[in-house]
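Participant: Residue numbers (the numbering used here): 121 to 385.
All C-beta atoms in this analysis are idealised placements derived from N, C-alpha and C, irrespective of residue type, glycine included.
All values derive from a computational prediction rather than experimental measurement.
1) Using alpha carbons as the reference points, say which of 281, 372 and 320 lies closest to residue 297.
2) For the beta strand (DSSP E) that residue 171 lies in, which residues bound it at each end?
3) Should the region 322-334 be called in touch with the region 222-239, which here means at least 3 C-beta pairs below 8 Å?
4) For residue 197, which residues of its own chain have a beta-carbon under 6 Å away from its beta-carbon, when the five flanking residues on both sides are left out?
5) Within 10 angstroms of its Cβ, does residue 200 collect 16 or more other Cβ (buried), or is it exposed?
6) Got a sec, what are the start and stop residues for the beta strand (DSSP E) residue 273 sits in?
7) Would you identify the three-state DSSP class for residue 156, choosing helix, strand or coil?
8) State buried or exposed for residue 276, treating a residue as buried only when at least 16 other CB atoms are found within 10 Å of its CB.
9) On the three-pair Cβ rule with 8 Å, is the region 283-302 touching the region 223-242?
10) Please say whether residue 170 and residue 137 have beta carbons closer to each other than 8 Å?
11) How should residue 310 be labelled, buried or exposed, when 16 other C-beta atoms within 10 angstroms of its C-beta is the threshold for buried?
12) Does the count of Cβ pairs from the region 150-166 and the region 180-192 closer than 8 Å reach three?
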């Protein structure tokens, strides 16, 4: 079977380099392009050498090559990097997996519009396990609707994560609220008047060390508690999720896709 021709956008960043390393060891993929913003310090270098591998004969370039044509692009760059690449993928109808966060509303509208021309998958979290957790929370919350259940979400990430709570946590909170009704969100607790009122959803953000990501959802009733937890031990989880998304996307018609489509949820 012919390997999937893969292009990596943001190839010089931490996630891009790891994607190159993992994909280069996977016989289902062949890296044919490595891109980063024009004028990058590593422009022109062999991406294999940059990533500590043998030479891959793929130079880091500011644009997608016309030959060989990539079957799919995985973007681990920046909002600027995504938008810089989007036009080429749209014009040439190259499927695009976007693992980059932080796009503005206007940029998201432009990305969604591009999905009329090519297959695009954008995910808040490319980890397969995190997407399974979201589905399990959805099912559990639906089954426990109408019961006196207290909900708490605890997240843990590395010390350098910028936003708190993270997008994954906010998505889990939205799922609970969609299934169980309105909650008042409370971020942490302190003081002598901290007893829990009805319909409060507690969110607690931990930032420490180099933790790649952990999410715990507690649904606590009277006499019993259900705990649903997902832990990322390595950022390879996001890389492997991106490759799974790429396998899926190469066979799809133009349109907007999410990780739930990859998993058949």
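Facilitator: Quick look at the numbers:
1) 320
2) Where residue 171 is concerned, there is no enclosing beta strand (DSSP E), given that its DSSP letter is neither H nor E.
3) no
4) 129, 130 and 220
5) exposed
6) 270-277
7) coil
8) buried
9) no
10) yes
11) exposed
12) yes
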